[in-house]
Amino acid sequence: MADVGHADIEKAFRVLNIDLHTPPSSDSILRYFEVCKALRHLHVTTSCFTIWKEHKNTNGYAKVIPALPRQHGVPVEERIKVFFFDDNIEFPKECGAGAPGICNLRHYSTGEFVDFSIGANGFKREYEATHTVCHYSEDYANILVKANILDAMSDGEYFTKMIRKHSEPGEKLIVYMDVNSTIICHDTMTGKDVSAVVLSTMFEVIELTPREAFDFTWESFPPVRLEKSTSLKQLVKKATDRDGYNAFWTEANCRILLEMLWCRGEVRWAVQDCELTLDNFNDAYQEYLVACGKDVDRDGIVSSWYTVFDYLKDRHATVLNSFGVDCRKVILATVPNEREVQHIVVNYEQWDARDMKKFESQFAEEPSVLPNGKH
Numbered sequence: 129m130a131d132v133g134h135a136d137i138e139k140a141f142r143v144l145n146i147d148l149h150t151p152p153s154s155d156s157i158l159r160y161f162e163v164c165k166a167l168r169h170l171h172v173t174t175s176c177f178t179i180w181k182e183h184k185n186t187n188g189y190a191k192v193i194p195a196l197p198r199q200h201g202v203p204v205e206e207r208i209k210v211f212f213f214d215d216n217i218e219f220p221k222e223c224g225a226g227a228p229g230i231c232n233l234r235h236y237s238t239g240e241f242v243d244f245s246i247g248a249n250g251f252k253r254e255y256e257a258t259h260t261v262c263h264y265s266e267d268y269a270n271i272l273v274k275a276n277i278l279d280a281m282s283d284g285e286y287f288t289k290m291i292r293k294h295s296e297p298g299e300k301l302i303v304y305m306d307v308n309s310t311i312i313c314h315d316t317m318t319g320k321d322v323s324a325v326v327l328s329t330m331f332e333v334i335e336l337t338p339r340e341a342f343d344f345t346w347e348s349f350p351p352v353r354l355e356k357s358t359s360l361k362q363l364v365k366k367a368t369d370r371d372g373y374n375a376f377w378t379e380a381n382c383r384i385l386l387e388m389l390w391c392r393g394e395v396r397w398a399v400q401d402c403e404l405t406l407d408n409f410n411d412a413y414q415e416y417l418v419a420c421g422k423d424v425d426r427d428g429i430v431s432s433w434y435t436v437f438d439y440l441k442d443r444h445a446t447v448l449n450s451f452g453v454d455c456r457k458v459i460l461a462t463v464p465n466e467r468e469v470q471h472i473v474v475n476y477e478q479w480d481a482r483d484m485k486k487f488e489s490q491f492a493e494e495p496s497v498l499p500n501g502k503h
């Protein structure tokens, strides 16, 4: 590990840079795991978006999560469990290094990618809450959760329940947490407000199965061919460009799209595996907006985040793991002194100039010790 090359930051904050992507990276991954294992309370890892983007957003270049073989025969107080909560984890049929996704699951000592497909390396699938999918393993002490902000804001113990279910009293836990659309109900990366996040998250768990192949066109964008099942969120991405995608997320647009699709195929809630109707879409949307008002604070942070942090903070490591600089908002709302939070940046020298500037500028904002920290 090394410093980030910025003396002003280093004086005020604990910021370390680590290379987790340049082969051979096994020693670095082991060091990263050892650091996380020794931590307690709240910490941050800012992963390298540039490397992930350059490699077509595939698992093998995404957020590095140490994979730990299960410690059979080891006393429970010496065991470790590793959790990863992220709304962008993908669980297609094949969950290898070349598959699209955000989970770069690497053996903690060899650095080898650990395939987390169902049936590979002991991994199994489970469904939690209403829209949440979990992969856990009989061979590895890793629990990978495709988190859902709708579930997170509907249950104050959403994260805590899953952690209790997949861990034993006495084990040391390392819990990696994404931020946007996982514990914050808006997306600073795309500028979505609460309503847009609710709608886009709902479309992520709604699936279209065409009755037959057809060309779909949204507004003036080029048509896209639909031949097999797809989530409506993926459909919107394919059928628009970046600006069109960000502008799409209004209630009116979502209703229009649904009405266009109902006559072309079967539209279902994916995890619940039940048919979607206009009535239950409207009911769910209104229910989630109400939940936002009750269980989301002024910073857009769900109450289930504070519950799980209270549960973990005294003995376990809670690591915010994000591609962006959105972690600072969570830090300031959670702890009274942000200077006590250690930051690890991944392959900082390969970040683009814009991300470097954003990262450094956040530390220039004062005060760093605030009275509104909730813990």
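Those letters in the sequence shown? Residues 129 to 503, by the working numbering.
Heads up, the beta-carbon is just placed ideally off N, CA and C, and yes, glycines get one too.
Quantities reported herein were computed from a predicted structural model and do not represent experimental measurements.
Option in the options with minimal Cα separation from residue i
i, options, result
"residue 242", "369, 187 and 429", "187"
"residue 165", "199, 420, 210 and 335", "210"
"residue 255", "471, 399 and 376", "399"
"residue 377", "143, 240 and 322", "322"
"residue 368", "384, 248 and 349", "349"
"residue 267", "197, 178 and 246", "197"
"residue 375", "467, 403, 324 and 245", "324"
"residue 301", "355, 212 and 357", "212"
"residue 292", "439, 162 and 142", "439"
"residue 220", "413, 466 and 358", "358"
"residue 303", "413, 331, 161 and 366", "161"
"residue 504", "330, 290 and 489", "It is not possible to answer for residue 504, since the shown part of the chain is limited to 129 through 503."
"residue 380", "485, 328, 465 and 486", "328"
"residue 487", "463, 470 and 456", "456"
"residue 506", "422, 360 and 248", "Because the chain spans 129 through 503 in this model, residue 506 falls outside it and cannot be assessed."
"residue 223", "248, 402 and 201", "248"
Contact check, residue i vs residue j, beta carbons under 8 Å
i, j, result
"residue 264", "residue 235", "no"
"residue 458", "residue 281", "no"
"residue 432", "residue 286", "yes"
"residue 461", "residue 167", "no"
"residue 326", "residue 278", "yes"
"residue 393", "residue 339", "yes"
"residue 231", "residue 190", "yes"
"residue 288", "residue 150", "no"
"residue 424", "residue 313", "yes"
"residue 480", "residue 178", "yes"
"residue 144", "residue 193", "no"
"residue 470", "residue 142", "yes"
Through-space distance from residue j to residue i, alpha-carbon basis
i, j, result
"residue 491", "residue 476", "16 Å"
"residue 199", "residue 170", "25 Å"
"residue 305", "residue 473", "15 Å"
"residue 406", "residue 383", "8 Å"
"residue 437", "residue 443", "11 Å"
"residue 284", "residue 226", "35 Å"
"residue 370", "residue 364", "10 Å"
"residue 183", "residue 373", "22 Å"
"residue 246", "residue 214", "18 Å"
"residue 159", "residue 311", "27 Å"
"residue 489", "residue 175", "17 Å"
"residue 412", "residue 390", "18 Å"
"residue 420", "residue 428", "8 Å"
"residue 484", "residue 478", "9 Å"
"residue 163", "residue 466", "19 Å"
"residue 253", "residue 244", "10 Å"
"residue 152", "residue 251", "26 Å"
"residue 464", "residue 422", "24 Å"
Sequence-distant residues of its chain with Cβ nearer than 6 Å to residue i (five each side left out)
i, result
"residue 205", "298"
"residue 218", "228 and 229"
"residue 173", "447, 449 and 472"
"residue 147", "156 and 475"
"residue 468", "none"
"residue 355", "341"
"residue 441", "169"
"residue 416", "278 and 326"
Contacts around residue i, its chain only, beta-carbon distance under 7 Å, and the 5 residues preceding and following it disregarded
i, result
"residue 317", "Low local confidence applies: a pLDDT of 46 at residue 317 is under 50, so the model's placement there is unreliable, with the coordinate-based value given in what follows. Within the same chain, residue 317 has close Cβ partners 308 and 452."
"residue 238", "154"
"residue 579", "Not covered by the structure: residue 579. The range shown for the chain is 129 to 503."
"residue 346", "367 and 368"
"residue 296", "204"
Other residues of its chain near residue i: CB distance less than 8 Å, five sequence neighbours each side excluded
i, result
"residue 388", "344"
"residue 208", "165, 196, 199, 269, 299, 300, 301 and 302"
"residue 185", "228, 229 and 230"
### Task
Mind the definition here: the stretch 270-285 touches the stretch 246-262 only if three or more C-beta pairs lie below 8 Å; say whether that holds.
Under the Cβ criterion (8 Å, minimum of three pairs), the stretch 270-285 counts as touching the stretch 246-262.
### Query
For the 8 Å Cβ check, are there 3 or more pairs between the stretch 334-347 and the stretch 386-406?
Result yes; three or more Cβ-Cβ pairs closer than 8 Å.
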